[in-house]
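Working notes, beginning with the structure itself.
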Ligand code: MBD
Ligand code: FE
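Residue numbers (our numbering): 151 to 459.
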């Protein structure tokens, strides 16, 4: 027989006090959120008959997750980050903000302040023997007009599927660049073809995924922030066609309109023309379309605080 207390006046009053709702200090927003979280938590404990053992296991899990800085990875794997995209999409639709390249999740591996250059950049430090990749395209408005001076801030994994900064074996800002589009709205990057990402097998996110019977893999992909004065900030990714995880992404980032075709070229002259040694390289061409900036208040919803400025 399950005993329930959460609805009682004394328990409701107790958690009001816990949440600071009976004082006039602090933050009203924080009080409202904390109160709601606590009331939902105790209802969950009662409804699911959570045992004390399960409760303390969860507390220990949070400590271990935090110690490994895997909170951002877990919210991606549990689909919550993708859900935020669905919510923003629905809000945009209700506000009549349609068109442009779809958004998709940022993920937990962005680092601000990558080297900035005009028109083009070499992204890899030359130490990874991966397939050279020529990645290029245009930033356009929704009418197809080029956007000059847009900042294309892009980052991707190496051939082991790991990211600089988080992988201490890579050089600073390896595979991370900011490229300003030229007068025709074009950006050009020379890099290496990334591999898909896999959650650390000994980590706390994979621990949960195992208990859900799920894998922790992402298809090969390239992340982008695209921004320009007068346009909405775009957070998105190109997910590469042909990857076995393209539509089986543990973070649910692949969306229609965000699949990048990758063409492998075997031609030494063409390779040299693109600035590569050897006779084989890959080409990825991807154009982005930016929506015009709406009222500043709608823009706030996209904001995310950053630890790594
Ligand atoms: C990644 O590279 C990534 O893009 C996401 C969303 C989650 C984990 C690793
Ligand atoms: Fe990624």
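We put the beta carbon where it would ideally sit given N, CA and C, even for glycine.
Query, Result
"Beta carbon of residue 354 nearer than 8 Å to that of residue 254", "no"
"Inter-residue Cα distance where the pair is residue 418 and residue 257", "36 Å"
"Member of 340, 246, 350 whose CA lies at the smallest distance from the CA of residue 424", "340"
"Distance, residue 369 Cα to residue 294 Cα", "29 Å"
"Alpha-carbon to alpha-carbon, residue 208 and residue 200", "10 Å"
"Start-to-end residues for the alpha helix (DSSP H) that takes in residue 216", "202-217"
"Distance between residue 160 and residue 171 (C-alpha atoms, nearest Å)", "15 Å"
"Backbone CA spacing between residue 329 and residue 271 [nearest angstrom]", "7 Å"
"Cutoff 8 Å; reference residue 428; Cβ partners in own chain excluding five residues on either side", "282, 418, 421"
"Spatially closest choice to residue 251 from 259, 266, 188, 235, by CA coordinates", "235"
"Residue 226 (DSSP reduced to helix, strand or coil)", "helix"
"Proximity test, residue 238 beta-carbon vs the ligand MBD heavy atom, cut-off 7 Å", "no"
"Those runs of the beta strand (DSSP E) which lie wholly inside the segment 332-414 and span at least 3 residues", "336-342, 371-377, 384-390"
"3 or more residues per run - each beta strand (DSSP E) lying fully within the segment 259-344", "266-268, 270-272, 282-291, 301-306, 326-330, 336-342"
"C-alpha distance - residue 230 paired with residue 402, whole-angstrom precision", "10 Å"
"Coarse secondary structure for residue 161, derived from DSSP in three states", "helix"
"The ligand FE heavy atom lying under 7 Å from the CB of residue 347", "yes"
"Residue burial classification, residue 290 (beta-carbon count within 10 angstroms, cutoff 16)", "buried"
"Reduced DSSP category for residue 459 - H, G, I as helix; E, B as strand; rest coil", "Reliability fails at residue 459, whose pLDDT of 44 lies under 50, so the model's placement of it is uncertain and the value that follows must be treated cautiously. It is coil, neither helix nor strand."
"Cβ neighbour criterion (16 or more within 10 Å) applied to residue 274", "buried"
"Residue 182 (DSSP reduced to helix, strand or coil)", "helix"
"Sub-8 Å separation of residue 285 and residue 373 beta-carbons", "no"
"Which residues DSSP lists as bridging residue 442, in chain order", "381"
"Delimiting residues of the beta strand (DSSP E) encompassing residue 430", "430-435"
"8 Å Cβ shell around residue 432 - same chain, five flanking residues per side excluded", "281, 282, 283, 284, 343, 412, 413, 414, 415"
"Nearest neighbour of residue 224, chosen from 383, 356, 406 [CA to CA]", "356"
"Check: residue 410 C-beta below 7 Å from any heavy atom of the ligand MBD", "no"
"Candidates 350, 317, 302: closest to residue 336 by CA position", "302"
"Residue 340 Cβ short of 7 Å to the ligand FE heavy atom set", "no"
"With 16 other Cβ atoms within 10 Å as the buried cut-off, status of residue 168", "exposed"
"For residue 416, three-class secondary structure by DSSP", "strand"
"Residue 165 to residue 221 span [Cα, whole Å]", "26 Å"
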